[in-house]
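Residue numbers (my numbering), protein chains in the order written: chain A, 228 to 408; chain B, 36 to 455. Don't be surprised by glycine CBs; every beta carbon is placed ideally from N, CA and C. Only a predicted model underlies this, so the values are computations on that prediction, with no experimental measurement involved. Here is the structure we will look at.
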Amino acid sequence: MERRNFLRTCSSFLAGGLTLASGGFLLTKANGRKGDLFWQIDPYKCTQCGRCETDCVLTVSAVKCFHANRVCGYCDLCGGYYRPGVKELDTAAENMMCPTGAIRREFVEEPYFEYTIDESLCTGCGKCVKGCTSFGNGSLFLQIDQEKCQQCNECAIARVCPSNAIERVSYDQAYKMKDHA
Amino acid sequence: MRKLLFVLTSLISVKSLAVARFPKPDFTSGYEYPDIVHGLPNESFWNVLDVVLLVGMMGLVVWAAYRKRSRAVIFSMSLVSVLYFGFFRSGCVCSVGSIQNVIIAAVDGGYHLPLYVLLVFLLPIIFALLFGRVFCSGVCPLGALQELINVKNFRLSRSVSVTLSIIPWIYLAFTILYAATRSQFLICRLDPFIGIFRFGGDIGVMSFGFVLLVMSVFVGRPFCQFICPYGALLSVFSALSWKKLEITGKGCVNCALCGVSCPVDAIRAPQSNRTKEERRKGVRRVIVLSLLLPVLTFVGAKLVGSQSDALSLAHKDVYLYELLLRQEANPELEEPLEVETFHAMGGDMAELKEKVDAVRSDYVFYSHLAGALIGFVIGFKLMKLSLKRGRKTYEISMARCTMCGKCFNYCPQNLKTPEK
């Protein structure tokens, strides 16, 4: 009995010492740097493959379309708004790029139109983004909405993103926007 | 294919110039650009609250288990944990998953390990070293969820439960392998209950979660006992804990009621009335098993190590490389999206090969390590089984006990006797 208790106490102290040592070692790694905790898409790397819509752990993806108005050309024939080769420039569903009708447009002045995204309808499929980057100024872009993002330990979309566009950023740059140009 | 490549590359190169395709409009009506409205994350506050609640709830469980011997407090803690850590915080970052962050931080100097993630990992271990698996009891939302719906305990036979309890170590070994090579977060992907907390997720993993939940109505905490790698880790520290939990403060009367009540088979019956085995026989068996231990470790390392190339396919770069090779061999196949994007972005095959070789050599090392760990655990479990302890009363095995507090209510010594 005595020997067993002695061995037990020894191993307890060993385990305690190990925990403290490894804790201290890890503490040196944890301190002193700004956290990179927030998932963001690099809009310049994104190829709009459409996986953002389907691979997020949320039922409706946390990835949404954002619009950088300062980059937008305010065109009437918008590559993100209309499908390529439409006959009539009206709001019939077969002419619209967005499958959920999340893009709204408003007349500003001749010949300019302002485009806004209704985020509650957006599914992050990136169809409009593809149209805008191919034929327009690229003012529409996909980005992770930090209010909806669960900040998973490993972003499920990042794992399948073919262009490695999703990365972790620190709090002070929690959004990678496109309108600095 | 070449044509397709050309179209794609031209698309990409156009994209990089995309900003100037149409000039900025010059508005004459005094139109002003609207700002992009977006919600900012407010994580730091919740992270502090998480850690505070973690410590507070573990403290409460310690008080409830060691001082009050009250299941009611522990049970209500489980409810709070499922509601707050589970549904409200939707389960990220949890202590179970934090193993991976800690492993990556240990092997990769450039990886940032936030302080609160480290605390979430370390605090339950420190508590386990002091008081046992307090965290599992009513603080871990995964355990608490199973605890809340557990009704009946059908006892598994000892041999089955010991065999199954190797699974957490295998799980842990592969977690280490995949985390250290930066391939994937295995625990996060296979978390069976996170889909329930988030009301949606991968259908396969979620249905596995539901099966586990149905099982946990009849068997105590199947996930904690036979799957959870953090539980396996905690059980080591808990076995060496400073304080030992006692079912009653008034002395055991060997009524065997507590043994029936335990959902995780953590209460060991007294063995003093059994016939003792011959000492020489026991010593010989221990010597044989302790010789077997390094052999098993070696065999495990070799077995898993030999599969390192196949395992390395879990890494994104290796997978891409294999896809590229396959495409080169059979150009008539339809190009997968990964290959298409790789070419479109002007990826360099030689550069990728260099990366892949580095990853593969990492895999050789870590897969041997994982195999060695599995072999060692199997050998150690065999040794542990062969050691027979003489017990005179019913005792709690701290390694297994998840402190649900059921035995407190079953013990007749804990009944409040009316004052005479």
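- Going by DSSP, Tyr342/A is part of the beta strand (DSSP E) stretching over 339 to 344.
- Arg297/A is a Cβ neighbour of Lys59/B, given a cutoff of 9 angstroms.
- Per DSSP, Leu316/A is not a residue of any alpha helix (DSSP H), being assigned neither H nor E.
- For Phe233/A, no Cβ of chain B is located within less than 9 angstroms of the residue's own Cβ.
- With contacts defined as CB atoms closer than 9 angstroms, Arg256/B and Pro298/B qualify as a contacting pair.
- Scanning its chain for C-beta atoms nearer than 6 angstroms, with the 5 sequence neighbours on each side dropped, one finds around Lys354/A the residues Met324, in chain order.
- Setting aside the 5 residues that flank it on each side, Pro264/B is surrounded in the same chain by Val131, Ile134, Pro203, Trp204, Tyr206, Leu207, Thr210, Ile222, each with a C-beta closer than 8 angstroms to its C-beta; the list follows chain order.
- Cβ-Cβ distances below 7 angstroms link Cys279/A to Ser288, Val290, Gly351, Gly353, Leu369, Ile384 in the same chain, with the five nearest sequence neighbours on each side left out; the list follows chain order.
- Minimum Cα-Cα distance from Gln219/B among the listed residues Leu241/A, Cys273/A, Asn380/A corresponds to Asn380/A.
- At a cut-off of 9 angstroms, the C-beta of Val137/B has a neighbouring C-beta in chain A.
- For the options Phe162/B, Phe261/B, Arg193/B, the alpha carbon positioned closest to that of Leu199/B is the one of Phe261/B.
- Those residues of the stretch 220 to 242 of chain B placed with their C-beta closer than 9 angstroms to a C-beta in chain A are Phe220, Ile222, Cys223, Arg224, Ile229, Gly230, Arg233, Phe234, Gly235, Gly236, Asp237, ordered along the chain.
- Taken through DSSP and simplified to helix, strand or coil, Tyr445/B comes out as helix.
- Taking a cut-off of 8 angstroms on C-beta distances, the stretch 135 to 145 of chain B does not touch the stretch 162 to 171 of chain B, as fewer than three cross pairs fall below it.
- Under the three-state reduction of DSSP, Leu153/B is assigned to helix.
- DSSP, reduced to helix, strand and coil, places Tyr146/B outside both helices and strands of the structure shown, so it counts as coil.
- DSSP places Lys256/A within a helical segment (H, G or I) once states are collapsed to three.
- Taken in chain order, the members of the stretch 365 to 380 of chain A whose beta-carbon sits within less than 9 angstroms of a beta-carbon on chain B are Gly365, Ser366, Gln370, Asp372, Gln373, Glu374, Lys375, Cys376, Gln377, Gln378, Cys379, Asn380.
- Residue pairing from DSSP places His294/A in a beta bridge opposite Leu367/A.
- Using a 10 angstroms sphere on the CB of Leu280/B, the tally of other CB atoms reaches 16 or more, which defines it as buried.
- Taken through DSSP and simplified to helix, strand or coil, Ser397/A comes out as strand.
- Listed as beta-bridge partners of Met323/A by DSSP are Tyr309/A.
- The three-state secondary structure of Phe258/B, taken from DSSP, is helix.
- The beta-carbon of Pro60/B is placed less than 9 angstroms from the nearest beta-carbon of chain A.
- DSSP places Ile384/A in the helix class (H, G or I) of the three-state scheme.
- Residue burial annotation: Gln275/A is buried, with at least 16 other C-beta atoms found within 10 angstroms of its C-beta.
- Interface criterion not met: the Cβ of Tyr308/A is under 9 angstroms from no Cβ in chain B.
- By the neighbour-count criterion, in which a residue is buried when 16 or more other Cβ atoms sit within 10 angstroms of its Cβ, Ser390/A is buried.
- Considered as a whole, the stretch 169 to 239 of chain B harbours 169 to 173, 176 to 184, 193 to 199, 202 to 215, 221 to 225, 229 to 233 as its complete alpha helix (DSSP H) runs of no fewer than 4 residues, in chain order.
- Listed as beta-bridge partners of Glu389/B by DSSP are no residues whatsoever.
- For Lys351/B, the CB contacts under 8 angstroms within the same chain, skipping 5 residues up- and downstream, are Ser218 in chain order.
- Distance check between Phe170/B and each of Arg104/B, Val252/B, Val86/B places Val86/B closest, using alpha-carbon atoms only.
- For the stretch 314 to 348 of chain A, the set of residues with a beta-carbon nearer than 7 angstroms to any beta-carbon of chain B comprises Val335, Glu336, Tyr339, in chain order.
- In this structure, the beta-carbon distance from Phe415/B to Leu328/B falls below 9 angstroms.
- Distances from the CA of Gly126/B to each of Phe110/B, Arg168/B, Ile231/B, Phe57/B were compared; the closest alpha carbon is that of Ile231/B.
- With its beta carbon at least 9 angstroms from every one in chain A, Trp98/B lies outside the interface.
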